[in-house]
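Q: Numbering (our numbering), first residue to last: -5 to 118. Pasting in a structure now, in structure tokens, and then I'll have a few things to ask.
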Ligand code: SF4
Ligand code: SF4
């Protein structure tokens, strides 16, 4: 696979409900995506608490509807922590705040209770 044949990971636009969570008074961060530097090692996939990472057609991909930037589980992005080429990076086209991300974690993990001091990179 040459660089020219690689494709960038496309992302669906934010849904209205997600946009409504954005607040001018809250710090926003950027959701995580995988760039074309991915070498398909697979190290990130089992680390994701939300099973948001999968093998795509050419490189691994993150489902933005499942990614919480690890909010609720870690105070860092687990995929970034293990990626040997550091290609799990903030997506400049997708900004999400902590309240949006913990709400998503609660929606995904309905059987889990998250205390008010849940782990979050926003609290570092
Ligand atoms: S940042 Fe966390 S939740 Fe998002 S894809 Fe990476 S490991 Fe999964
Ligand atoms: S750890 Fe990095 S290089 Fe390996 S599959 Fe995941 S994104 Fe690609």
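Beta carbons are placed, not taken as given, at the ideal position from N, Cα and C, and that holds for glycine. Source: prediction; values computed, not measured.
Does any residue of chain D bring its CB to less than 8 Å from the CB of residue 71?
A: Included in the structure is just one protein chain, with no chain D present.
Q: As a quick exercise: from 76, 81, 59, 69, pick the residue whose alpha carbon is nearest that of residue 53.
A: 81
Q: What does the alpha-carbon distance come out to for the pair residue 76 and residue 37?
A: 6 Å
Q: To the nearest angstrom, report how far apart residue 49 and residue 117 are at their CA atoms.
A: 31 Å
Q: Below 7 Å, is the gap between the Cβ of residue 34 and the nearest heavy atom of ligand 1?
A: False, no ligand heavy atom lies under 7 Å from that Cβ.
Q: When the distance is taken between beta carbons, is residue 61 closer than 8 Å to residue 125?
A: Because residue 125 is not part of the residues shown, which for the chain are -5 to 118, the question remains open.
Q: Would you list the one or two residues that DSSP bridges to residue 42?
A: The partner list for residue 42 (beta bridge, DSSP) is empty, contrary to what the question assumes.
Q: Quick check: does the Cβ of residue 76 come within less than 7 Å of any heavy atom belonging to ligand 2?
A: yes
Q: Is residue 86 buried or exposed, if buried means 16 or more other CB atoms sit within 10 Å of its CB?
A: Residue 86 comes out exposed.
Q: Here's a check: name, in chain order, each residue in its chain whose Cβ is nearer than 6 Å to the Cβ of residue 105, leaving out the five neighbours to either side.
A: Same-chain partners within the cutoff: there are none.
Q: Going along the chain, which residues of its own chain have a beta-carbon closer than 6 Å to the beta-carbon of residue 51, five neighbours each way excluded?
A: The answer is none, since no qualifying residue turns up.
Q: Is any heavy atom in ligand 1 found nearer than 7 Å to the beta carbon of residue 41?
A: yes
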